[in-house]
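Student: This structure is in C-alpha cells; I'll ask about it shortly.
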Amino acid sequence: MSLTTILSEIDGGDDKGVEKLLQKYNTENSHTFAFDHKEEDARIKFCQGLLKVLRRSDHSLCQSTCLETLRILSRDKRVLGPVATKEGILTLAGLARIHVVGHDGELLEEAQSAEEERVVVEALKCLCNVVFNSVPAQQVGAEVKLAEGLCAHLHSVSSSHHEVGLFSLRLLFLLSALRTDVRGMLRKEAGAVRLLTDILERTLDVHWVGPYEATPPKPEALPISPENNGLAMEALKALFNITMSDSSNEDNDHQLRLIAGITRHLLMLKTNTEDKTEEAHSHAINLLSNLPVRCLDVLIDVPVQGGMETYGGKNVDIVQILLDFMEKRIDKGINYKEGLTPVLSLMTESSRYHREIRRYLKAQVLPPLKDVKERPEIGGTVRNKLVRLMTHIDMAVKQGAAEFLFVLCKESVDNLLKYTGYGNAAGLLMARGLLAGGRGETQYSSDEDSDTEEYKSAKPFINPITGHIEHPMPNPMEEMTEEQKDYEAQKLVNMIDELSRKELIRPMGVRKDGTLAPLGEAIHECSPPPSSDSDSD
C-alpha cells in the first residue's frame, strides 16, 4: 500500500478513512521486519502523522489501529525520531495510562472494556519497541520518570488484565536493563523490589509457613499456567536488573531473603513444557546469583520441611535441583557462557559461604576416587564433564568450572590435582599463583577427606600431569647410540632456541611464589646466592 495515500488521508482529517487504510497496512506488514531504505523519509512522516491522529482521536478502535501501525514502524530504529521525543513518549505513556512527569491531561483509570485494554496493550508494546531501539527515547524515559510511573501503574493492574501486566513488566525490564541510573532509582525511591516481590508471590501463589519458607508444591499439583509463567519470568528479569545495584544495606536483607524463598519455591515448580520450565529456572538462578551470599541460607534452612542429619539438618533438595540444572546445561553443549556460568557461579559462591552446600556438592560431584585407570576428563560423570570444561576455549567457562571444583576441594591444590590432574588445572593454578602448590585464601572447616583403599594402592603409579595410571610406553631412545641421543637433544635445543628468538614461544619458569616468569628470571630468582667464603689461605 502507498504511504502517500495514507499520509494524504491523515492530513485530510478523516479518522474513519485513516482507520480503514491502516487496517489494510497492518495486515500486509504484520510480519515485516526489514524495510525499504528508499521510503525512510516517508516512514518518518508516517510516524509523525500517526502521533497526530493519536492526539486528536478519542475512539478506541482508531487508537489501537494507529498504535499497531506505529508498533510495526518502530521495528525500524532509523525512523523513530518523531516518537523518541518528549512529546512522543508522553503521548504513548498517556495512552498506556502511565502517570509520568510532564503529562498535562487527566489519565483514565484502569481499562474497562476490551477495546480500551487493547489500546493500553498496544501503547505498551510501542513503548517497549521504541525504548529498546532508541537511545534518545531511553533518555526521555528517564527524564519523565517513566519507570517510576510504571511502578505506580503496576500497583493498580488487576490479575484479569494479563497482557497489560505482562508488557508493563517487560517495559520495566527494558528500562532497568538499558539505564543504570533507572536501576538505582527503582531500588531506592520507587520501591520496585517490594513491588516485584509481591507480584511474584501472587503469580506463583506462594503461601508462607515460616519467615522465608513457602509451602512445598504437592506432587499432584498442576503446572504453572503459561500466563503466570510469562508474568513471573518478566518480574524475575526486572528484579535481576534492579538487584545488580548496591545491596550492602542490611535493611534490605529481609526483602532479599524473601526473594530467595520465592525463587526456591519456583525452582520446585514445573510449567506446561520442559523448555519453559528450564527457562523459568534459568531466570530464577540468574536472580539468585545477584543476591548476597549471606541470604542464600534460605535455600537450605527450611525448618518446617526438615532436612538431613548428615548435613546438619539442612534441606539440600534445592541444591540437587541446581546440580541437575547445571548438568543439563553442560549436556546441551551450546551457549555455555550465558546458560552455564550463572549456575556455576551460584554454586561456587554458596559453597564458599555455606559448609553444608559444599559438603553435599562435594559428595555428588567429587566422590572418593576408586578407579583411576581413565583420564579425569574421560567419562560421563559430572566430574568428568566439569574437568573437560577446564580446558574450554571460552575463558569465563573454563574459569567457572575450575573455580567450582577448586572450592569443592576447599581450595587445596593437592586435592584438586587428585581429581583433575595437573594439566587440566594448570590454567587456574597459574591465575591464582599456585603453580608451586598450597591453598587459596578462603578458610574452610577442618573436616578431612579420606582416600579409598583402591586409590591409596594406585597412587604411586598415577601420572600427576594426566591424573590417571598410564600404561607403560616404549622408550623411543632405547635402541639409540649415545651419539644419536646427543644429536637429537641438540636438535631439540636449537629448535626451541629458534622459536624463542622469533618470539613464537616464550620459555617460562615458576617463581618461588608460584607465579610464572620468563625462564631466565625464574632461574635467577631460585638460584642460591653466591658464597662469600674464600678458598684462599
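Each residue of the sequence shown is one higher than the one before, starting from 1 at the first, in full-length UniProt numbering.
Think of the CB as a built atom: it goes at the ideal place given N, C-alpha and C, for glycine as much as any other residue.
1) For residue 568, I'd like the list of residues in its chain whose CB is within less than 8 angstroms of its CB, leaving aside the five on either flank, ordered along the chain.
2) Measuring CB to CB, does S134 end up less than 8 angstroms from A96?
3) Which residues bound the alpha helix (DSSP H) around V397?
4) To the nearest angstrom, report how far apart residue 543 and N129 are at their CA atoms.
5) Within its chain, find whatever has a CB closer than 6 angstroms to the CB of L22; leave out the 5 residues flanking it on each side and keep chain order.
6) Grouping DSSP H, G and I as helix and E and B as strand, with all else coil, what is H155?
7) So is V18 buried or exposed if we call it buried at 16+ other beta carbons inside 10 Å?
8) Identify, in the order they occur along the chain, each residue of the same chain with its Cβ nearer than 8 angstroms to the Cβ of V125, setting aside the five sequence neighbours on each side.
9) Evaluate contact between the region 189-204 and the region 230-237, counting only Cβ atoms and requiring at least three cross-stretch pairs below 8 angstroms.
10) Measuring CB to CB, does residue 583 end up less than 8 angstroms from L299?
11) To the nearest angstrom, how far is it from the Cα of residue 585 to the Cα of R375?
12) Could you tell me the alpha carbon to alpha carbon distance between N228 and M185, rounded to whole angstroms?
13) Near K86, which residues of its chain fall below 8 angstroms by C-beta distance, leaving aside the five closest residues on each side in sequence?
14) Just reading off the beta strand (DSSP E) that P226 is part of, what are its end residues?
15) Report the three-state DSSP secondary structure of L7 (helix, strand or coil).
16) Identify the continuous alpha helix (DSSP H) that holds V182 and give its terminal residues.
17) Assuming M326 is part of the alpha helix (DSSP H), what are its boundary residues?
18) Answer with buried or exposed for F240, where buried requires no fewer than 16 other C-beta atoms within 10 angstroms of its C-beta.
19) Just list the residues that DSSP pairs A214 with in beta bridges.
20) Which two residues bound the contiguous alpha helix (DSSP H) that contains A522?
21) When we look at the beta-carbon of L492 and count the other beta-carbons within 10 Å, is it buried (16 or more) or exposed?
22) In terms of alpha-carbon separation, which member of K270, E338 and M495 lies closest to P219?
23) If you drop the 5 nearest sequence neighbours on each side, which residues of the same chain put their C-beta closer than 7 angstroms to that of residue 541?
24) Buried or exposed, going by whether 16 or more other CB atoms sit within 10 Å of the CB of A114?
25) When you compare only the Cα positions, how much space is there between L408 and D205?
26) May I ask you to report which of helix, strand or coil DSSP gives M430?
Tutor: Reading it off the structure:
1) Coverage of the chain is limited to positions 1 through 537, which leaves residue 568 absent and any answer about it impossible.
2) no
3) M395 to L408
4) The structure shown does not extend to residue 543, since the chain is modelled only from 1 through 537, so no value can be given for it.
5) T65 and T69
6) helix
7) buried
8) Contrary to the premise, residue 125 reads as Lys rather than Val in this sequence. Cβ neighbours of K125 beyond the five flanking positions: L67, R71 and F167.
9) yes
10) There is no way to answer for residue 583, as the model of the chain reaches only from 1 to 537.
11) A question about residue 585 goes unanswered here, because the residues of the chain that appear run from 1 up to 537.
12) 27 angstroms
13) G102, V140, E143 and V144
14) Premise fails: P226 lies in the alpha helix (DSSP H), P226 to I242, not in any beta strand (DSSP E).
15) helix
16) T180 to K188
17) D317 to K332
18) buried
19) W208
20) L519 to C526
21) exposed
22) K270
23) As shown, the chain starts at 1 and ends at 537. That puts residue 541 outside it, with no answer to give.
24) exposed
25) 36 angstroms
26) helix
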